[in-house]
Amino acid sequence: MFMHNKRLQYTVRVSETNPALASLMLEQFGGPQGELAAAMRYFTQALGEEDAGRKDMLYDIATEELSHLEVIGSIVAMLTKGVKGELAEANLTEAEMYLEVNKGGDSHTQSILFGGGPGLTNSSGVPFTAAYIDTIGEPTADLRSNIAAEARAKILYERLINVTDDPGVKQALGFLMTREISHQKSFEKALYSIQDNFPPGKLPAMEPYGDVYVNTSQGPGDALGPWNEGPQWTRVDDLTQKLPVDGGDGQASVAKLKPKEQEALRAAAQRLHSDARVDPITGADLGAGPGAGRTTRIEGLRSRPH
Ligand code: MN
Ligand code: MN
């Protein structure tokens, strides 16, 4: 069960209202790297986890992310407090109100649609979606995704800190940013506490392709580094010579087609056969004007000069 504590995890002190800033803050409320996405990512992983240690950690962090959702949502609510009251009570002239709700960004949506409360959208008003949750049910893959998600969340907080000079908002965002650093550390430890955590899953790499670097983009700018040369790598530069890499004929085929399937495919191929000997006049030829480039010439067709 969940219980709610009325005190926030970190105190939210906002100097003054600022609806445009509030709309930027929504990125971490209902955006892909936001706190709801984080909470749901770890919560779904906790439900499916068999390992007692990881399950406990995932519930702890999922629940803390909900507490962060509360902190960032409270920041949004404080920043929109002014327009909320003014809109509800209509205590400004229409012209003043119009200016107030159009303070910038997506703040008009927050003001008009959500009445100054935090909406579950990103900073551009895109609704939250479960598609942000990438849990796949395999700890060696999910923990890697969690590490990357914490890294992205940390960067977004850093960017949000850089767009406000409100010291209270900066502090609360700094706290949220810092917790993402600590979550990243926990997830890394949990990943490496699984011995043999690479490659993710159970099946091994197919020899020898796991050690091959394919230099598919060639020309000026080709660079060497530990990611593509050295004892770990077999480097392939002569691409066409080495294709197909399995030594087969490189063709796609089906060994057994049912007679009915074969018959239907033959009929379709016959019906749709392209005849290279036919060069018909097409609509592009008939309608060709200046700028059409080369088309099939039709003598005497044009009556209008151009
Ligand atoms: Mn968080
Ligand atoms: Mn986190």
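Quick note: to get the numbering used here, add 247 to the position in the sequence shown (first position is 1).
Where a beta carbon is used, it is the ideal one built from N, C-alpha and C, also for glycine.
In this text the structure is predicted, and so the values were computed from the model without any measurement.
Check whether the Cβ atoms of residue i and residue j sit closer than 8 Å, and answer yes or no.
i    : j    : result
S354 : S270 : yes
L390 : L313 : no
E336 : M344 : no
S358 : T382 : no
H400 : Q280 : Position check: residue 400 holds Ala in this sequence, whereas His was assumed. A contact, by the Cβ cut-off of 8 Å.
N369 : R288 : no
V318 : L423 : yes
G351 : A267 : yes
H315 : E341 : no
D522 : T543 : no
F445 : E397 : no
K302 : E311 : no
P447 : E385 : yes
T425 : K417 : no
Just to check my reading of the structure: residue i and residue j have Cβ atoms closer than 8 Å, yes? What is that Cβ distance to the nearest angstrom?
i    : j    : result
V330 : V348 : 6 Å
S262 : P451 : That pair is no contact at about 57 Å.
G366 : A324 : Not quite, the Cβ-Cβ distance comes to about 11 Å (not below 8 Å), so this is no contact.
D493 : N462 : D493 to N462, Cβ: 19 Å. No contact.
A309 : A286 : 5 Å
L407 : Q256 : Not confirmed; about 17 Å, so no contact.
T481 : P455 : 7 Å
I441 : T387 : 6 Å
L504 : G497 : In fact, because the Cβ distance is near 20 Å, the residues do not count as touching under 8 Å.
A395 : V259 : Rounded, the Cβ-Cβ distance is 28 Å, inconsistent with contact.
I'd like the span of the alpha helix (DSSP H) that includes residue i, first residue to last.
i    : result
R288 : 282-295
Y404 : 386-408
R513 : 506-518
V323 : 299-326
T481 : Looking at the DSSP string, T481 is not in any alpha helix (DSSP H); the run it does join, the beta strand (DSSP E), is 481-483.
Y345 : 341-348
A267 : 266-272
A531 : 530-533
Q357 : 354-359
Is residue i near ligand 2, going by C-beta to nearest heavy atom under 7 Å?
i    : result
R426 : yes
A499 : no
H251 : no
A395 : no
E312 : yes
A285 : yes
H430 : yes
I319 : no
I408 : no
I380 : no
Measuring from the CB of residue i, is there a heavy atom of ligand 1 at a distance below 7 Å?
i    : result
D508 : Before going further, note that residue 508 is Glu rather than Asp in the sequence given. No, since every heavy atom of ligand 1 falls outside the 7 Å radius drawn around the Cβ of E508.
H355 : no
L454 : Sequence check: residue 454 is Glu here, not Leu. Checking the Cβ of E454 against ligand 1 gives no.
A400 : yes
E405 : no
L423 : yes
E282 : yes
Kindly indicate the opening and closing residues of the beta strand (DSSP E) around residue i.
i    : result
V416 : Where V416 is concerned, there is no enclosing beta strand (DSSP E), although the alpha helix (DSSP H) it sits in stretches over 414-439.
A460 : The residue asked about is misnamed: residue 460 is Tyr in this sequence, not Ala. Where Y460 is concerned, the enclosing beta strand (DSSP E) stretches over 459-461.
Is the shortest distance between the beta-carbon of residue i and the beta-carbons of chain C less than 8 Å?
i    : result
E297 : The displayed structure is made up of one protein chain only, and chain C is not part of it.
Is it true that the region 471-488 meets the region 425-441, where meeting means three or more beta-carbon pairs spaced less than 8 Å apart?
These segments do not touch.
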